[in-house]
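2 protein chains.
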Amino acid sequence: MTKKSADPANGGAPAAGPAARQVPMRDFSRSLPMSLLRAREAVMRQFRPSLREHGLTEQQWRILRALASIEAVEVTELARTAFLLGPSLSRILRDLEARNLIERKTAKADQRRSVVSISKDGVKLMASVAPTSEAIYAEITRRFGARKLAELQEMLGELERSLAGLGASEEASPEE
Amino acid sequence: MTKKSADPANGGAPAAGPAARQVPMRDFSRSLPMSLLRAREAVMRQFRPSLREHGLTEQQWRILRALASIEAVEVTELARTAFLLGPSLSRILRDLEARNLIERKTAKADQRRSVVSISKDGVKLMASVAPTSEAIYAEITRRFGARKLAELQEMLGELERSLAGLGASEEASPEE
DNA sequence: CGGAGATACTTAACATGTTAAATGAATGCG
DNA sequence: CGCATTCATTTAACATGTTAAGTATCTCCG
Numbered sequence: 001m002t003k004k005s006a007d008p009a010n011g012g013a014p015a016a017g018p019a020a021r022q023v024p025m026r027d028f029s030r031s032l033p034m035s036l037l038r039a040r041e042a043v044m045r046q047f048r049p050s051l052r053e054h055g056l057t058e059q060q061w062r063i064l065r066a067l068a069s070i071e072a073v074e075v076t077e078l079a080r081t082a083f084l085l086g087p088s089l090s091r092i093l094r095d096l097e098a099r100n101l102i103e104r105k106t107a108k109a110d111q112r113r114s115v116v117s118i119s120k121d122g123v124k125l126m127a128s129v130a131p132t133s134e135a136i137y138a139e140i141t142r143r144f145g146a147r148k149l150a151e152l153q154e155m156l157g158e159l160e161r162s163l164a165g166l167g168a169s170e171e172a173s174p175e176e
Numbered sequence: 001m002t003k004k005s006a007d008p009a010n011g012g013a014p015a016a017g018p019a020a021r022q023v024p025m026r027d028f029s030r031s032l033p034m035s036l037l038r039a040r041e042a043v044m045r046q047f048r049p050s051l052r053e054h055g056l057t058e059q060q061w062r063i064l065r066a067l068a069s070i071e072a073v074e075v076t077e078l079a080r081t082a083f084l085l086g087p088s089l090s091r092i093l094r095d096l097e098a099r100n101l102i103e104r105k106t107a108k109a110d111q112r113r114s115v116v117s118i119s120k121d122g123v124k125l126m127a128s129v130a131p132t133s134e135a136i137y138a139e140i141t142r143r144f145g146a147r148k149l150a151e152l153q154e155m156l157g158e159l160e161r162s163l164a165g166l167g168a169s170e171e172a173s174p175e176e
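For the protein sequence lines, the chains are A and B, in the order given.
Numbering of the first sequence is given in full-length UniProt numbering, commencing with residue 1 and proceeding in unit increments.
Numbering of the second sequence is given in full-length UniProt numbering, commencing with residue 1 and proceeding in unit increments.
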C-alpha cells in the first residue's frame, strides 16, 4: 500500500552490460528538462486525485479554468491560453461539449472560426472543484514558501523568455 | 512556413458568453503548474528537432542516456531513473529492442525481473546525437546564465522535496 | 469574378501518460 | 508441500502530445 521505497539491496552483483559508459554526458538526472519534469510532476500529483474524483483530467480542468475567466474565445486563442496544441484541444472540446460543460457556436463574421464558452453545468462543476483545488495550492505555497514560489516563477518566466525564438524558424543548416 | 506568431490584435470585442466569471480563482496562466509546463516546453522545443532527425523521441532518448551510464539495470529501477511509468517504459523497451538499440535478459536469480542494457548500435546512436544535444544545452546555459540555471535547479529540487510525501498514501478519507 | 494561397479547425496516425487489470514468478506460512 | 499473498512486468483502455494531412472558408489580387 505504501510506495515502493527504493530497494538498495542489490549492491552485490554489478551485472556487467554489453556496451555502456562509452559516451560521456552530463549526469542525466540533473538535466534541466528532468528537473522541470520532476518538479511539475510533484506538483500535479497533488491535484490529480481531486480532479479525478470530479471526472476531469488536468487538461480539461485547464480549459474550464481558462474559459471561466474570459467569457468566450475562439479555439485558437483558447489553445494559446490553455497551452494546448490544436489537435488535443479539438478532441477535448468535442468531449466537453458532449458532456454539456461548454458551448460553441460559429462566428458570424467568419464561418471558419468557432467561439467557445463555459456552460452553466461547467460553472457548477468548477464551483465544486475550485475549493479543493485552491486548498491544495495554498498548502503547496505554505510548504514551499510564498516568497520562494514567487521567485521560482519569476525564474521560470525568465527562462522562457531567454529561449523565446531560439528554435523558432531561423536556425541555419537546412541540410538534410 | 514560419510559426503562427502570436496575434494580440483582438483587444476589441469582448464577445459576451453564456455563463462566465462566476467562479473566482487565481489567474490561470500564472499558476505554478502552468509556469513549469511552459518552461519545460520552451526547453524541450530546442531538443526535439535534433532528436527527431535521429528517429528518437524525448523518452527514448532519456532511456538511452540512462542506460549509457549504468551498465545494466532492472526495468523497475530504469523506470525510476528515467522517470517513466511502468507501462510507458514497457512499450518503449519493446520498440527499442526491436530496433536493436537495447538488449535484455531475464535475471537468473529471479525470473520475474528483466535486466536491460544498451547495445552497440545504441551506443553508436548516442554518439551521433550527443554532440548536438550537448551544444543545445550549452546554448541554453549561455542564454539563461549558468549561475541562474544552477539556482533554478536548486529551487526545483527544493520544491520537489517540500512536496514529497504529501499525497503519497497517508491522506485520510478512504470514503469512496 | 475567380482561382491561388492563406487561415481555422479537424482528422489521422503514432507515441506516451495514466490508471486498472492481468500474467507469471517468488515468498511466506500453516 | 500447498496456496494465498506479494512482487515485477506486461497488457488493456482511454486521454493527451506531436506532426502531418485534410476540409472548409476566407482574402486578395489579377
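Ideal Cβ positions, reconstructed from N, Cα and C, are used throughout, including at glycine.
Small disclaimer: the values here were computed from a predicted structure and weren't measured.
* Asked: A/Glu74 lies in the beta strand (DSSP E); which residues open and close that run?
  -> For the purposes of this step, residue 74 of chain A is taken as residue 74 along the first sequence, with counting starting at 1. Annotation: the continuous beta strand (DSSP E) that includes A/Glu74 extends over Ala72 to Glu74.
* Complete beta strand (DSSP E) runs within the UniProt domain "HTH marR-type" (29-161) of chain A (minimum length 3 residues, chain order) -> DSSP runs (the beta strand (DSSP E)) wholly in the UniProt domain "HTH marR-type" (29-161) of chain A: 72-74, 102-106 and 114-118.
* Asked: When DSSP labels each residue in this structure, what does A/Leu163 get in the three-state scheme?
  -> Locating residue 163 of chain A in the first sequence gives position 163, where the first residue counts as 1. If DSSP states are grouped into helix, strand and coil, A/Leu163 belongs with the helices.
* To do: Could you work out which residues of chain A lie near B/Ile92, taking near to mean beta carbons separated by less than 7 Å?
  => The count along the second sequence starts at 1 and reaches residue 92 of chain B at position 92. Under the 7 Å cutoff, chain A gives no residues; its nearest Cβ is about 16 Å from B/Ile92.
* Could you round the C-beta distance between B/Ala72 and B/Ser128 to whole angstroms and report it? I think they count as a contact, below 8 Å. => On the second sequence, residue 72 of chain B is found 72 positions in, with the first residue counted as 1. On the second sequence, residue 128 of chain B is found 128 positions in, with the first residue counted as 1. Between B/Ser128 and B/Ala72 the Cβ distance is about 22 Å, and since that is not below 8 Å, they are no contact.
* With 16 as the cutoff for other CB atoms within 10 Å, does B/Leu85 come out buried or exposed? -> Stepping through the second sequence from its first residue, residue 85 of chain B is reached at position 85. Answer is exposed; the Cβ neighbour count stays below 16.
* Asked: With 8 Å set as the bound, which would you pick, yes or no: does the beta-carbon of B/Arg112 sit closer than that to a beta-carbon of chain A?
  -> Counting from 1 along the second sequence, the entry for residue 112 of chain B is found at position 112. Judged by the 8 Å Cβ criterion, B/Arg112 is not in contact with chain A.
* Mind checking A/Ala98: buried by the 16 CB within 10 Å criterion, or exposed? -> Locating residue 98 of chain A in the first sequence gives position 98, counting from the first residue. Result: exposed.
* Asked: Under a CB-based cut-off of 8 Å, is residue 186 of chain B close to chain A?
  -> Because chain B is modelled from 1 through 176, residue 186 of chain B falls outside the range shown and cannot be assessed.
* Below-8 Å beta-carbon distance, B/Gly157 vs any chain A residue -> Here residue 157 of chain B corresponds to residue number 157 of the second sequence, with the count starting at 1. Yes, B/Gly157 lies at the interface with chain A (some Cβ there is under 8 Å from its Cβ).
* Would you say A/Met155 and B/Leu93 are within 8 Å of each other, going by their C-beta atoms? -> Your numbering for residue 155 of chain A matches position 155 in the first sequence. Your numbering for residue 93 of chain B matches position 93 in the second sequence. No, Cβ-Cβ distance for A/Met155 and B/Leu93 is not below 8 Å.
* To do: Can you grab the Cα-Cα spacing for the pair B/Ile102 / A/Arg80, in whole Å?
  => As a working note, residue 102 of chain B is residue 102 in the second sequence. As a working note, residue 80 of chain A is residue 80 in the first sequence. For the pair B/Ile102 and A/Arg80, the Cα-to-Cα distance works out to about 38 Å.
* Can you give the beta carbon distance from B/Arg40 to A/Arg40, rounded, assuming they're within the 8 Å contact cut? -> Reading the second sequence from its first residue, position 40 is the one you call residue 40 of chain B. Reading the first sequence from its first residue, position 40 is the one you call residue 40 of chain A. Their Cβ separation, rounded to whole angstroms, is 7 Å, which keeps B/Arg40 and A/Arg40 in contact under 8 Å.
* **chain A contact for B/Thr132 (CB, 8 Å cutoff)** => Residue numbering aside, residue 132 of chain B sits at position 132 when the second sequence is read from its first letter. No, because no Cβ of chain A sits closer than 8 Å to the Cβ of B/Thr132.
* What number of angstroms, rounded off, separates the C-alpha of A/Trp61 from the C-alpha of A/Arg147? -> Counting from one through the first sequence, the residue named residue 61 of chain A turns up at place 61. Counting from one through the first sequence, the residue named residue 147 of chain A turns up at place 147. Straight-line measurement puts the Cα of A/Arg147 at about 26 Å from the Cα of A/Trp61.
* C-alpha distance - B/Lys108 paired with B/Ser114, whole-angstrom precision -> What you label residue 108 of chain B is simply residue 108 of the second sequence in a count that begins at 1. What you label residue 114 of chain B is simply residue 114 of the second sequence in a count that begins at 1. The alpha-carbon of B/Lys108 is positioned some 9 Å away from that of B/Ser114.
* Asked: Based on Cα-Cα distance, which residue from B/Gln59, B/Ser162, B/Thr106 and B/Ala138 lies nearest to B/Phe83?
  -> Taking the second sequence and counting its residues from 1, one reaches residue 83 of chain B at position 83. Among B/Gln59, B/Ser162, B/Thr106 and B/Ala138, the Cα nearest to that of B/Phe83 belongs to B/Gln59.
* Using a threshold of 7 Å, is the CB atom of B/Glu160 nearer than that to any non-hydrogen atom of the ligand COA? -> With respect to small molecules bound, the structure shown includes none, and the ligand COA cannot be examined in it.
* Return the residue from the list B/Arg26, B/Ser50, B/Asp121 and B/Arg143 that minimises the CA-CA distance to B/Leu96. => Position 96 of the second sequence, counted from the start, is the residue given in the question as residue 96 of chain B. Nearest in C-alpha terms to B/Leu96, of all of B/Arg26, B/Ser50, B/Asp121 and B/Arg143, is B/Asp121.
* Of the residues A/Gly165, A/Glu74 and A/Leu51, which one's Cα is nearest the Cα of B/Glu139? -> As a working mapping, residue 139 of chain B is identified with position 139 in the second sequence. Here the closest residue by C-alpha is A/Gly165.
* Asked: In chain A, which residues lie less than 7 Å from B/Pro33 when you measure between Cβ atoms?
  -> On the second sequence, position 33 is the one that residue 33 of chain B refers to. Going along chain A in sequence order, the residues near B/Pro33 (Cβ under 7 Å) are Arg40, Val43 and Met44.
* Asked: What's the C-alpha gap between B/Leu32 and A/Leu89?
  -> Taking the second sequence and counting its residues from 1, one reaches residue 32 of chain B at position 32. Taking the first sequence and counting its residues from 1, one reaches residue 89 of chain A at position 89. Across the structure, B/Leu32 and A/Leu89 are spaced so that their CA atoms are roughly 21 Å apart.
* To do: Taking only beta-carbon positions, decide if B/Arg99 is within less than 8 Å of chain A.
  => In the second sequence, counting from the first residue as 1, residue 99 of chain B sits at position 99. Residue contact check for B/Arg99 against chain A: no CB pair falls below 8 Å.
* Asked: Residues of chain A with a CB under 8 Å from the CB of B/Ala138: which are they?
  -> Position 138 of the second sequence, counted from the first residue, corresponds to residue 138 of chain B. Simply none; closest approach about 10 Å.
* To do: Within 10 angstroms of the Cβ of B/Ala150, are there 16 or more other Cβ atoms? Answer buried if so, exposed if not.
  => For the purposes of this step, residue 150 of chain B is taken as residue 150 along the second sequence, with counting starting at 1. Here B/Ala150 is exposed, its C-beta having fewer than 16 other C-beta atoms within 10 Å.
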